[in-house]
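Visitor: Structure below; questions to follow.
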Amino acid sequence: MEQAASEFDDAQRTMDDFTDIFPMSWERDFEDGDRERGAQLLTDAQIHFKNGLKHMHNALNPWKQ
């Protein structure tokens, strides 16, 4: 149970990081012409989202870790 709570906390922090990056930062960089930075921010946001989903999956399925 403690592991699941820890995974939920990790998922929440990771998703908070995701929402800090997405959608405004990368979109603004694309509009300003800095496509390379915008692409990097979008990639970072995708990584945070994927990691958040992984933590959530681990919290809901602790026996599969």
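Quick note on numbering: the sequence shown equals residues 1 to 65 in this note's numbering. Where is the CB? At the ideal position from N, CA and C, for every residue including glycine.
Check Asp34 in the structure and name its three-state DSSP category.
Guide: Within the sequence shown, numbered from 1, the residue matching residue 34 stands at position 34. Asp34: coil per DSSP, three-state reduction.
Visitor: How about Ile8 and Ala59: do their beta carbons lie closer than 8 Å?
Guide: Stepping through the sequence shown from its first residue, residue 8 is reached at position 8. Stepping through the sequence shown from its first residue, residue 59 is reached at position 59. The question names Ile, yet the displayed sequence has Phe at residue 8. In this structure, Ala59 lies closer than 8 Å to Phe8 by Cβ.
Visitor: Look at the alpha carbon of Arg35 and the alpha carbon of Asp44, and state the distance between them as a whole number of angstroms.
Guide: Numbered from its first residue, the sequence shown carries residue 35 at position 35. Numbered from its first residue, the sequence shown carries residue 44 at position 44. The straight-line gap from Cα to Cα measures roughly 14 Å.
Visitor: I need the straight-line Cα distance from Gln12 to Asn61, nearest angstrom please.
Guide: Locating residue 12 in the sequence shown gives position 12, where the first residue counts as 1. Locating residue 61 in the sequence shown gives position 61, where the first residue counts as 1. Going by the C-alpha atoms only, they are around 17 Å apart.
Visitor: Using the three-state DSSP reduction, which class does Asn61 fall into: helix, strand or coil?
Guide: For the purposes of this step, residue 61 is identified with residue 61 of the sequence shown, where counting begins at 1. Coil, per DSSP.
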